Structures are given as C-alpha cells and as structure tokens.
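Peer 1: Numbering (my numbering), first residue to last: 315 to 450.
Even for Gly, the Cβ is constructed at its ideal location relative to N, Cα and C.
These numbers come from a predicted model, not from an experiment.
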Amino acid sequence: LGQSNLIKGKVNSRSGESASVKIHGIDIEVPIARMASHGDSVLIGVRPEKLNINAKSKNSIGNGIVTDASFVGVSTQYLVKTSWDEELVVFEQNDAGAPDIKVGDTVSLSWEPAHTFALDGDQDLAAGADVDHEAD
C-alpha cells in the first residue's frame, strides 16, 4: 500500500458502481471496484498525495488543524488533526501557486472518490508481518 491514510468506516449502502460509507458521521463515496471487503466494517484508504487541502472535492471530511509541516523536496508534508482527533498525512506539491499553509492553520480536507479504496475493517491496524531473517 505504501503510505496511506486509513480511517475506520461502516458501509451504509452499495448501489451500482459505488458504495456509501460513513466515517465519523460523514458520508463518503467509494467505487465498488476499489473495495476489498464485502462486509460492513471497512478501512477507508486514501494516499497522502490524493488528499486536497482547501479544495472542493466530492469526498469532503470537513476541517482539521495543521499540526506539522515539513518541506520534503518537491512537496510539503502536512499532518492535519481531524475533528475526530486523528492525524492524516497530506502531500502538497511545492509550486508558485501553492497557498501558504502554516502550523496552527485550520484547513478543509477532501479527495475525489476515484482515489478511495476500502479494506476489511476487522483487520488489526497495529498488527504487522513477522519477518524470519534466518530463512534468507
């Protein structure tokens, strides 16, 4: 998966090519083709470079507060604390038209449904894979 933001959610409905999923009281759209779970409990995933700050995209999750900003070459990495007290990672490309966003600023977060995926929500996010280095 690389680096992704994962948010617990519950499927409200499935219809046609998309599903409606509720995350912390907010309804978002997920393409059925990008859902790896057939159950109601899901982990919604969106990559940091697909999250938009202060832009109007269909999957809007409201406002958050910037808690960290780090310049990383061609982009800036922001940590944004959501209204449900979870930090999401956002990458914004550094260009001349980019807004000046600082730690402490309130920003809105959104993304396009096509950039959403859903995993089985019953997975343990803290679990990892054990690696047997002696087998190499």
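#1: At the level of alpha carbons, what is the spacing between V421 and K372?
#2: Please check the pair T430 and R328, which I expect to be a contact at CB under 8 Å, by giving their CB distance rounded to whole angstroms.
#3: Rounded to the nearest angstrom, what separates N368 and L423 at their Cα positions?
#4: Can you tell me where the beta strand (DSSP E) with I375 in it begins and where it stops?
#5: Smallest Cα separation from K324: which of G376, E331, G316, I342?
#6: Grab the span of the beta strand (DSSP E) containing G359 for me, first residue to last.
#7: Which two residues bound the contiguous beta strand (DSSP E) that contains W398?
#8: Given this structure, state the Cα-to-Cα distance separating H338 from I415, to the nearest angstrom.
#9: Can you tell me the Cα-Cα spacing of H352 and A410, whole angstroms?
Peer 2: In terms of the structure at hand:
#1: Start at 1 with the first residue of the sequence shown, and residue 421 comes out as number 107. Start at 1 with the first residue of the sequence shown, and residue 372 comes out as number 58. Whole-angstrom Cα-Cα distance: 16 Å.
#2: Here residue 430 is taken as the residue at index 116 of the sequence shown, counted from 1. Here residue 328 is taken as the residue at index 14 of the sequence shown, counted from 1. So it is not a contact: roughly 14 Å between Cβ atoms.
#3: Taking the sequence shown and counting its residues from 1, one reaches residue 368 at position 54. Taking the sequence shown and counting its residues from 1, one reaches residue 423 at position 109. Rounded to whole angstroms, N368 to L423 spans 6 Å at the Cα level.
#4: As a first step, residue 375 must be located in the sequence shown, where it is residue number 61. It spans 373-386 - the beta strand (DSSP E) in which I375 sits, taken as one unbroken run.
#5: Position 10 of the sequence shown, counted from the start, is the residue given in the question as residue 324. For K324, the closest alpha carbon among the candidates G376, E331, G316, I342 is that of I342.
#6: Locating residue 359 in the sequence shown gives position 45, counting from the first residue. For G359, the uninterrupted beta strand (DSSP E) segment begins and ends at 355-360.
#7: Taking the sequence shown and counting its residues from 1, the one referred to as residue 398 is at position 84. Note, W398: premise wrong, no beta strand (DSSP E); not H, not E.
#8: Here residue 338 refers to the residue found at position 24 when the sequence shown is read from its first residue. Here residue 415 refers to the residue found at position 101 when the sequence shown is read from its first residue. Distance between the alpha carbons of H338 and I415: 25 Å.
#9: As a working mapping, residue 352 is identified with position 38 in the sequence shown. As a working mapping, residue 410 is identified with position 96 in the sequence shown. Rounded to the nearest angstrom, the two C-alpha atoms are 44 Å apart.
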